[in-house]
Amino acid sequence: MTQFSGIQPTGLTHLGNYLGAIRQWAARHHRDDLFCVVDLHAMTIRHNPNVLRARAREQLAMLIAAGVNPDIACVFTQSDLIQEHAALTWVLECVVSYGELARMTQFKDKAKGQDGVRAGLFTYPVLMAADILLHGAEEVPVGEDQRQHLELARTLAKRFNATYGEVLTVPRAVTPRVAARVADLAAPERKMSKSSGDQSGTVLVLDPPELIRRKIMRAVTDQVGEVRYAPESQPGVSNLLDILAACTNGEPRALAEQISGYAELKERTAEAVIEELRPVREGVRELLADPAELDQLRAHGAERARAGCAHRLEAVLKVTGLR
Ligand code: AMP
Ligand code: TRP
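Numbering of the sequence shown is given in this note's numbering, commencing with residue 16 and proceeding in unit increments.
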């Protein structure tokens, strides 16, 4: 099954992204998979060009350092295929309706109360559909918040095929099995997120060990005083158990029985997260210190991605009358 997924280069990649997405990609080792740094998506809101350029490199290095093997899966940066992605985006903009885009809840949320909303923010779900359909993905691992966008990609693939002929693969969403929802350490009823404003409950993949330790030692727990895996009644404690289990290949309920108090739970979780993220942080540092090596990996990914999608884009141009 060909999987495709993308991550925005925001520089704020956190433990939830890592456990819920990146680590799952790294565990697959399928030659047909494609994982992409979606830098074109990152300019749908106000952005700084130099920061975007640097973050896109850093995010690519992070995928590779986290174990997404560029000799197996295709790991690439979206803008390296800007012609291909933009070409299919245009074709699909002529398949989607205005009303369908206006119904996207993420657009409504992000645009609410903002001046000068970029049209790119409105058409972003079409670019996302183009990412997926250009590369013939069968499965797309995404979080809940992207389900509506994925439904749109399915609708557009089916409509395109019905209108012009069977060219596009209809993809389906897959949700990660474990750590599908890492909660905010400071507000465990909330998902850990890039946009939570307050960073004290968000562990970033590139945070130094001491900062990770401090954030975890300050995690909100409860007054119960007992280490139990009970996500409803003890969300903070259960979140720490989930994180510890994910980082040690353990089982949250079994871990709860071995741990006597909240201090021990936090210490073990902090240690496990620090050790889990250490090689990623060091790998990113090494890759960024060797620009020629990273450039070469980037070019290799782009070349593979381009070669893999060329026939599909050609077929799209042909059946739509552009060739
Ligand atoms: P985003 O931060 O929304 O760009 O998400 C990128 C990917 O990370 C999504 O596809 C989600 O599957 C995953 N993700 C984001 N936040 C979390 C979280 N708190 N827990 C688990 N997975 C997450
Ligand atoms: N929109 C996704 C997000 O914000 C990122 C993304 C862009 C993506 N293109 C994609 C995810 C294609 C899956 C497939 O998280």
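Glycine included, C-beta positions come from ideal geometry on N, C-alpha and C.
Keep in mind the model is a prediction, meaning the values are calculated, not measured.
By the C-beta criterion, the segment 314-326 is judged to be in contact with the segment 83-92, since at least 3 inter-stretch pairs fall below 8 Å.
Checking the 7 Å criterion, the Cβ of Leu34 is within range of a heavy atom belonging to the ligand AMP. For Glu154, the enclosing beta strand (DSSP E) has its first and last residue at Glu154 to Pro156.
For the segment 131-169, the continuous alpha helix (DSSP H) assignments of 4+ residues that do not extend past its boundaries occur at 134-149, in sequence order.
Distances between the C-beta of Gly21 and the heavy atoms of the ligand TRP include at least one below 7 Å.
Look at the beta carbons and you see the segment 221-236 touching the segment 286-294: at least three pairs across the two are nearer than 8 Å. C-alpha of Val141 to C-alpha of Val239: approximately 48 Å in a straight line. Here Ile227 carries a helix assignment [DSSP, helix/strand/coil]. CA-to-CA, the gap between Arg233 and Ala201 works out to about 8 Å.
Pairing Asp237 with Gln249, the inter-Cα distance amounts to about 7 Å. Closest by C-alpha distance to Asp146, out of Val53, Ile79 and Glu308, is Val53. The continuous alpha helix (DSSP H) containing Ser253 extends over residues Pro250 to Thr263. Ile258 sits buried, since 16 or more C-beta atoms from the chains shown fall within 10 Å of its C-beta. In the DSSP assignment, no residue is bridged to Thr236. Between Val220 and Val157 a beta carbon distance of about 19 Å is seen, past the 8 Å cut, so the two are scored as non-contacting. Residue environment analysis places Pro306 among the exposed positions, since fewer than 16 neighbouring C-beta atoms fall within 10 angstroms of its C-beta.
With the rule of 3 Cβ pairs closer than 8 Å, the segment 259-274 does not count as touching the segment 323-336. Remark: C-beta atoms of Leu167 and Val155 do not approach each other more closely than 8 Å. Under the 10 Å beta carbon count, Asn32 is surrounded by 16 or more other beta carbons and is classified as buried. One alpha carbon belongs to Ala144, the other to Gln161, and they sit about 11 Å apart. Collapsing the DSSP output to three states places Thr92 in a strand. Relative to the ligand AMP, even the nearest heavy atom lies 7 Å or more away from the CB of Lys125.
Put simply, the backbone Cα of Phe175 is about 13 Å away from that of Leu149.
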